[in-house]
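K.L.:
In the numbering used here, the protein residues as written are 178 to 706.
We put the CB at the ideal spot given by N, CA and C, even for glycine.
Could you have a look at this structure, given as structure tokens, before my questions?
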Ligand code: NA7
């Protein structure tokens, strides 16, 4: 039985683009199927005002091509969405990727044909493609979550979701705007929307921790230094749990004298960004240490926000770093503006959306426009929108009834020749996505090459290996405080989603080592046929 392509790759974000490039380099044929009109994935869809990466741009970039590293110029410490999208387009052009991509097409189903040992892929454009392998590169935060608030369809004005923003942009000048949500997308966009809008009302269910970005144009001398030593920086980054090259202080916060501790927190705060959580080694392991970091940030809210009632509502109550830490530019300061109101809905959900706005806590609010900054069905949402059918016609949805189970976050028992780039059970969202993507892509490409060399065409995770990996992922997640709160990491933002800590929290170095051991032991834990 002949195949149309060696592989179908679903998604043309950073994962899908590099996967195509690597497969081509190894002489495989591949077709990328992408729902959007262009490349970029997350950065194609997330165009809300203020969208930018919270990993520094020199690190949030591909490392597979030293030439690409040298020629591309990032302009700011944290790249904006338009700049990252330009970068994605540059990569697509530079490596001539588009000729093997099919845009504006969604994969709807993929069924493993056991007789022929290949995948039959179907799309919403009625394509029927036979491929030996299917590789998902659909992103971890790419299936927008529209909450089921009653009356949502009654609102007569425009409703926007931060994760699916109109490409032509939205001008809120002179408009009254309601925003639901105070996660990372809201925290980035609220300061900008507030500058435009006549009035902005923010509905906050959970107050979030955020650290200043201290974003700035990149200094040419600094860029020269980075470019002169990229390989060393990348190597250092791979030794860090998050795959980001920042200094980690391994000392315990509670055991550090108060003055030293305050100095460490303050210097991290002044530097800005996610490195704040690396102030001490036990912030996510020890409740008392976590409270010290949390209290430091809580004090900052009170210092910034002038109205005491608003300040208290904005003070985060939960564990710092449990939900993803945000990085902002002027977020709390925005609540000092006369045209911004915070409505704390932590004690009572929004009652309903109305034709003219919404009703919360017995009060009606009127808006011209409504913004849903309500996040994503993370990690499994996009995967489960495709009707994957493995051996015996079993669906992935059924298989993951009680939460995702994978071997290495890459493969699933009963779904031969299906690989997931940054799937659940891999470090993915807890790391800098670009190096994690590259590591997965390299693993998959090398694996396909090894199969070809051995004359095999089927690879499948073994049940015992998957069980052991799932157990390990669960065990390490239980050690940290990160698994203890209602975050999207555990699926808590989606009603009915099984509560499982989905990413692998053992750190990128441990994960890389696990993958390397598997390869060294001739694809241990996999059955080859
Ligand atoms: P997040 O971080 O999931 O934030 C979503 C926000 O929306 C969060 O504040 C939620 O409150 C809120 N939310 C969700 N549903 C509702 C309802 N029904 N009512 C009120 N408020 C609601 O998504 P983001 O897009 O901001 O960021 C996602 C990731 O992208 C981020 O972590 C970065 O990695 C990049 P909750 O906290 O659940 O109480």
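Rounded to a whole number of angstroms, what is the C-alpha to C-alpha distance between residue 683 and residue 418?
P.N.:
Rounded to the nearest angstrom, the two C-alpha atoms are 7 Å apart.
K.L.:
Quick one, are the C-beta atoms of residue 197 and residue 183 less than 8 Å apart?
P.N.:
No, Cβ-Cβ distance for residue 197 and residue 183 is not below 8 Å.
K.L.:
Could you give the distance in angstroms between the alpha-carbon of residue 459 and the alpha-carbon of residue 685?
P.N.:
Going from the Cα of residue 459 to the Cα of residue 685 covers about 18 Å.
K.L.:
Just to check, is the beta-carbon of residue 670 closer than 7 Å to a non-hydrogen atom of the ligand NA7?
P.N.:
The answer is yes for residue 670.
K.L.:
State the start and end residues of the unbroken beta strand (DSSP E) segment that holds residue 381.
P.N.:
Start and end: 376 to 381.
K.L.:
For residue 499, which option in 462, 671, 274 has the closest C-alpha, if you only look at C-alpha atoms?
P.N.:
It is 462 whose Cα lies nearest to the Cα of residue 499.
K.L.:
Answer with buried or exposed for residue 664, where buried requires no fewer than 16 other C-beta atoms within 10 angstroms of its C-beta.
P.N.:
Residue 664 comes out buried.
K.L.:
Is residue 394 closer than 8 Å to residue 252 when the C-beta atoms are compared?
P.N.:
It is a contact, given that the beta carbons lie within the stated cut-off.
K.L.:
Could you check where the alpha helix (DSSP H) with residue 315 kicks off and where it finishes?
P.N.:
Taken as a continuous stretch (DSSP letters only), residue 315 belongs to no alpha helix (DSSP H), as it is neither H nor E.
K.L.:
Does the ligand NA7 have even one heavy atom less than 7 Å from the beta-carbon of residue 355?
P.N.:
It does not: the Cβ of residue 355 is nowhere closer than 7 Å to a heavy atom of the ligand NA7.
K.L.:
Going by the DSSP bridge assignment, what does residue 279 pair with across the sheet?
P.N.:
Note: residue 279 sits in a beta bridge opposite 210.
K.L.:
Taking only the alpha-carbon atoms, compute the straight-line gap between residue 631 and residue 657 and give it to the nearest angstrom.
P.N.:
Straight-line Cα distance between these residues: approximately 41 Å.
K.L.:
With 16 other CB atoms within 10 Å as the buried threshold, where does residue 214 fall?
P.N.:
Answer is exposed; the Cβ neighbour count stays below 16.
K.L.:
Does the beta-carbon of residue 224 have 16 or more other beta-carbons within 10 angstroms, so that it is buried, or is it exposed?
P.N.:
Its Cβ being crowded by 16 or more others within 10 Å, residue 224 is buried.
K.L.:
For residue 364, collect the residues of the same chain with a Cβ closer than 7 Å to its Cβ; drop the 5 residues on either side in sequence, then sort them by chain order.
P.N.:
Cβ neighbours of residue 364 beyond the five flanking positions: 385, 387, 503, 505, 508.
K.L.:
Going by alpha carbons, who is nearest to residue 422 out of 284, 237, 335?
P.N.:
When each option's Cα is compared against that of residue 422, the closest is 237.
K.L.:
Would the beta-carbon of residue 625 fall within 8 Å of that of residue 597?
P.N.:
No; because the gap between Cβ atoms is not below 8 Å, this pair is not in contact.
K.L.:
Grouping DSSP H, G and I as helix and E and B as strand, with all else coil, what is residue 290?
P.N.:
In the structure shown, residue 290 sits in a strand (DSSP, three-state: E or B).
K.L.:
Unbroken beta strand (DSSP E) runs of length 3 or more, entirely within the region 544 to 577: which are they?
P.N.:
Counting only runs of 3 or more, we get 546 to 549, 564 to 566.
K.L.:
When DSSP builds the beta bridges, which residues end up paired with residue 540?
P.N.:
Partner(s): 537.
K.L.:
Kindly indicate which three-state DSSP category residue 580 falls into: helix, strand or coil?
P.N.:
Three-state DSSP puts residue 580 in coil, outside helix and strand.
K.L.:
Sort 703, 477, 468, 533 by Cα distance to residue 430 and report the nearest one.
P.N.:
Of 703, 477, 468, 533, the residue nearest in Cα terms is 468.
K.L.:
Return the residue from the list 698, 623, 672 that minimises the CA-CA distance to residue 204.
P.N.:
When only C-alpha atoms are compared, the closest one is 623.
K.L.:
Who does residue 705 pair with in a DSSP beta bridge?
P.N.:
DSSP lists 636 as partners of residue 705.
K.L.:
If you reduce the DSSP assignment to three classes, tell me which class residue 606 lands in.
P.N.:
In the structure shown, residue 606 sits in a helix (DSSP, three-state: H, G or I).
K.L.:
When you compare only the Cα positions, how much space is there between residue 398 and residue 405?
P.N.:
One C-alpha to the other measures close to 11 Å.
K.L.:
Classify residue 554: buried if its beta carbon has 16 or more other beta carbons within 10 angstroms, exposed otherwise.
P.N.:
Buried, since its Cβ has 16 or more Cβ neighbours within 10 Å.
K.L.:
Give every residue of the same chain whose Cβ lies closer than 8 Å to the Cβ of residue 454, excluding the five residues on either side of it in the sequence, and list them in chain order.
P.N.:
So the qualifying residues of the chain are 460, 461, 470, 497, 498, 502.
K.L.:
Please classify residue 125 as buried or exposed, where buried requires at least 16 other C-beta atoms within 10 Å of its C-beta.
P.N.:
Nothing about residue 125 can be read from this structure; the chain reaches only from 178 to 706.
K.L.:
Say the cut is 7 Å; is the CB of residue 651 nearer than that to a heavy atom of the ligand NA7?
P.N.:
No, Cβ of residue 651 sits at least 7 Å from all heavy atoms of the ligand NA7.
K.L.:
Measuring only the C-alpha atoms, how far is residue 618 from residue 208?
P.N.:
Rounded to the nearest angstrom, the two C-alpha atoms are 15 Å apart.
K.L.:
Which residue marks the beginning of the beta strand (DSSP E) containing residue 272, and which one marks its end?
P.N.:
Counting along the chain, residue 272 falls outside any beta strand (DSSP E), and DSSP gives it neither H nor E.
K.L.:
Find out if the Cβ-Cβ distance for the pair residue 591, residue 570 is shorter than 8 Å.
P.N.:
No.
K.L.:
According to the neighbour-count rule (16 or more other Cβ atoms, all chains shown, within 10 Å of its Cβ), is residue 231 buried or exposed?
P.N.:
Buried: at least 16 other Cβ atoms inside 10 Å.
K.L.:
With a 10 Å radius around its C-beta and 16 neighbouring C-beta atoms as the bar for buried, classify residue 539 as buried or exposed.
P.N.:
Per the 10 Å Cβ criterion, exposed.
K.L.:
Taking DSSP as the reference, what is the three-state secondary structure of residue 193?
P.N.:
Here residue 193 sits in helix by DSSP.
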